[in-house]
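Asks:
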Amino acid sequence: MMLAAEDQQSLELALSSLEDEDRVIIWMRFFDALTLPEIKRALHLDSLPPERLSRIIAALKSALARPEGRLA
Amino acid sequence: MTHLSAAELQAWYREGRADDRTAVIAHLAQCDTCRHALAVLAMNEERQLSSAPVVTVAEARPLGYAAGPEPRRAGGVPGWLHHPVVRLAGAAAVVMLVFWATTPTVNQRRAIPTMVAGDSPGNADEFRWESPFVAARYRVTLRDTKGVLVFSGETSAAPFRPSAEQKSPLSAGEPYTWKVEAFDASGSLIAESAPVTFVFRP
Numbered sequence: 001m002m003l004a005a006e007d008q009q010s011l012e013l014a015l016s017s018l019e020d021e022d023r024v025i026i027w028m029r030f031f032d033a034l035t036l037p038e039i040k041r042a043l044h045l046d047s048l049p050p051e052r053l054s055r056i057i058a059a060l061k062s063a064l065a066r067p068e069g070r071l072a
Numbered sequence: 073m074t075h076l077s078a079a080e081l082q083a084w085y086r087e088g089r090a091d092d093r094t095a096v097i098a099h100l101a102q103c104d105t106c107r108h109a110l111a112v113l114a115m116n117e118e119r120q121l122s123s124a125p126v127v128t129v130a131e132a133r134p135l136g137y138a139a140g141p142e143p144r145r146a147g148g149v150p151g152w153l154h155h156p157v158v159r160l161a162g163a164a165a166v167v168m169l170v171f172w173a174t175t176p177t178v179n180q181r182r183a184i185p186t187m188v189a190g191d192s193p194g195n196a197d198e199f200r201w202e203s204p205f206v207a208a209r210y211r212v213t214l215r216d217t218k219g220v221l222v223f224s225g226e227t228s229a230a231p232f233r234p235s236a237e238q239k240s241p242l243s244a245g246e247p248y249t250w251k252v253e254a255f256d257a258s259g260s261l262i263a264e265s266a267p268v269t270f271v272f273r274p
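Protein chains in written order, with the working numbering: chain A, 1 to 72; chain B, 73 to 274.
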């Protein structure tokens, strides 16, 4: 996936606002192409339902929508 | 930044000690190299598990596994066990047990259908397959002859076209094997193609 440099920086800024574990889940799911069961096993999570991924994505979208989450 | 060693990643993947959790997650959150290495480990582990050879008890015993107690000598067996009726009943019980153990359950009968992976033209520009059902997404993985993952990518429908960056590790004239897996919306594997081998000719 290729992003413009500005979008890339905005995304990284928004990702940095997430908890460490949530950030790793996003990276593994969308950049390393692991499935949720694979991520659950790799991170030794008790559970990783799709709802949790949805919540993380919602938080990421929210961070991207905030003025401080966007580059000027 | 000090990276996690391969042994540390392996140890984390296998044991996942609670004491290490905070430090490992914090490191993975900021280190693309280690996180990707763990991801590749997870994918390769899944592949090894799915193709693990079946070891019989007879094969395992010389290795020190499945070492049960020594069988009782014939002299120690009660006499009534040698009665023909008891032996017949025992044989029938064994047959029924084997039949029960080898008859697939309802879930097992839902065998994963095999998808047809198309022949790659050799330039690895495009990977095609035919799927008899609709899946939420498909994952294409390409490995070298040693089984090491070269790249993987996802798409919601065939074909999959890898980026130039994904293809960059490929060497002309070398054989590679690819397969496609189908996942449902929850991320569960629902189908898998047979592996297809081709020689990369850019």
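Think of the CB as a built atom: it goes at the ideal place given N, C-alpha and C, for glycine as much as any other residue. Only a predicted model underlies this, so the values are computations on that prediction, with no experimental measurement involved.
Select from the region 83-111 of chain B all residues with a C-beta closer than 7 Å to any C-beta belonging to chain A, and list them in chain order.
Replies: Taking 7 Å as the Cβ-Cβ cut-off against chain A, the residues of the region 83-111 of chain B that qualify are 85, 88, 97, 98, 100, 101, 107, 108, 110 and 111.
Asks: For the region 15-34 of chain A and the region 94-108 of chain B, state whether three or more C-beta atom pairs, one from each stretch, are separated by less than 8 Å.
Replies: Result yes; three or more Cβ-Cβ pairs closer than 8 Å.
Asks: For the region 7-40 of chain A, which residues have a CB atom closer than 7 Å to at least one CB atom of chain B, in sequence order?
Replies: Taking 7 Å as the Cβ-Cβ cut-off against chain B, the residues of the region 7-40 of chain A that qualify are 20, 21, 23, 24, 27, 28, 32, 33, 34, 35, 36, 37 and 38.
Asks: How would you list, in chain order, the residues of chain A whose beta-carbon sits under 7 Å from the beta-carbon of residue 224 (chain B)?
Replies: Those are 33, listed as they occur along chain A.
Asks: Which residue wins for smallest C-alpha separation from residue 196 (chain B), given the options B:74, B:265, B:83 and B:224?
Replies: Nearest C-alpha to residue 196 (chain B): B:224.
Asks: Name the chain A residues whose beta carbon is nearer than 7 Å to that of residue 114 (chain B)?
Replies: In chain order: 34, 38, 41 and 42.
Asks: Can you tell me where the alpha helix (DSSP H) with residue 13 (chain A) in it begins and where it stops?
Replies: Counting along the chain, the alpha helix (DSSP H) containing residue 13 (chain A) begins and ends at 5-16.
Asks: At what residues does the beta strand (DSSP E) containing residue 265 (chain B) begin and finish?
Replies: Residues 261-265.
Asks: Give the single residue among B:266, B:215, B:237 and B:261 whose Cα lies nearest to the Cα of residue 246 (chain B).
Replies: The shortest Cα separation from residue 246 (chain B) among B:266, B:215, B:237 and B:261 belongs to B:215.
Asks: Can you tell me where the beta strand (DSSP E) holding residue 19 (chain A) begins and where it ends?
Replies: Residue 19 (chain A) -> no beta strand (DSSP E), and no H or E assigned at all.
Asks: Could you compute how far the alpha carbon of residue 42 (chain A) sits from the alpha carbon of residue 227 (chain B)?
Replies: Between residue 42 (chain A) and residue 227 (chain B), the C-alpha separation is close to 23 Å.
Asks: Specify the secondary structure class of residue 110 (chain B) as computed by DSSP and reduced to three states.
Replies: It is helical.
Asks: Return the CA-CA distance between residue 254 (chain B) and residue 243 (chain B), expressed in angstroms with no decimal places.
Replies: So the two alpha carbons sit approximately 27 Å from each other.
Asks: Listed from N- to C-terminal order along the chain, which residues in the region 239-271 of chain B have their beta-carbon within a distance smaller than 8 Å of any beta-carbon of chain A?
Replies: Those residues of the region 239-271 of chain B that come within reach of chain A (Cβ to Cβ, closer than 8 Å) are 255, 257, 258, 259, 260 and 261.
Asks: For my contact list, residue 25 (chain A) and residue 15 (chain A) are in at a C-beta cut-off of 8 Å; report their separation, rounded to the angstrom.
Replies: At roughly 11 Å, the Cβ-Cβ gap does not stay under 8 Å, so residue 25 (chain A) and residue 15 (chain A) are not in contact.
Asks: Give the straight-line distance between the Cα atoms of residue 250 (chain B) and residue 85 (chain B), rounded to the nearest whole angstrom.
Replies: Their Cα atoms are separated by approximately 25 Å.
Asks: Comparing C-alpha positions only, which one of B:117, B:218, B:92 and B:231 sits nearest to residue 212 (chain B)?
Replies: Closest option to residue 212 (chain B), Cα to Cα, is B:231.
Asks: For residue 247 (chain B), write down the residues that DSSP places opposite it in a beta bridge.
Replies: Note: residue 247 (chain B) sits in a beta bridge opposite B:271.
Asks: Among A:46, A:61, A:8 and A:57, which has the Cα closest to the Cα of residue 90 (chain B)?
Replies: When each option's Cα is compared against that of residue 90 (chain B), the closest is A:46.
Asks: So what does residue 30 (chain A) bridge to, in DSSP terms?
Replies: Answer is none; residue 30 (chain A) lacks a bridge partner.
Asks: Evaluate residue 269 (chain B) with the Cβ neighbour count: other Cβ atoms within 10 Å of its Cβ, from every protein chain shown; 16 or more gives buried, anything less gives exposed.
Replies: Exposed, because fewer than 16 other Cβ atoms sit within 10 Å of the Cβ of residue 269 (chain B).
Asks: Does the Cβ of residue 23 (chain A) have 16 or more other Cβ atoms within 10 Å, making it buried, or fewer, making it exposed?
Replies: The residue in question, residue 23 (chain A), is buried, as its Cβ has 16 or more Cβ neighbours within 10 Å.
Asks: For a cutoff of 9 Å on Cβ pairs, would you count residue 233 (chain B) as touching chain A?
Replies: Not closer than 9 Å to any Cβ of chain A, the Cβ of residue 233 (chain B) fails to qualify, so no.
Asks: With C-beta atoms as the reference, is residue 273 (chain B) less than 9 Å away from residue 194 (chain B)?
Replies: In contact: residue 273 (chain B) and residue 194 (chain B) (Cβ atoms closer than 9 Å).
Asks: Per DSSP, what are the beta-bridge partners of residue 105 (chain B) in this structure?
Replies: DSSP output for residue 105 (chain B) lists no bridge partner at all.
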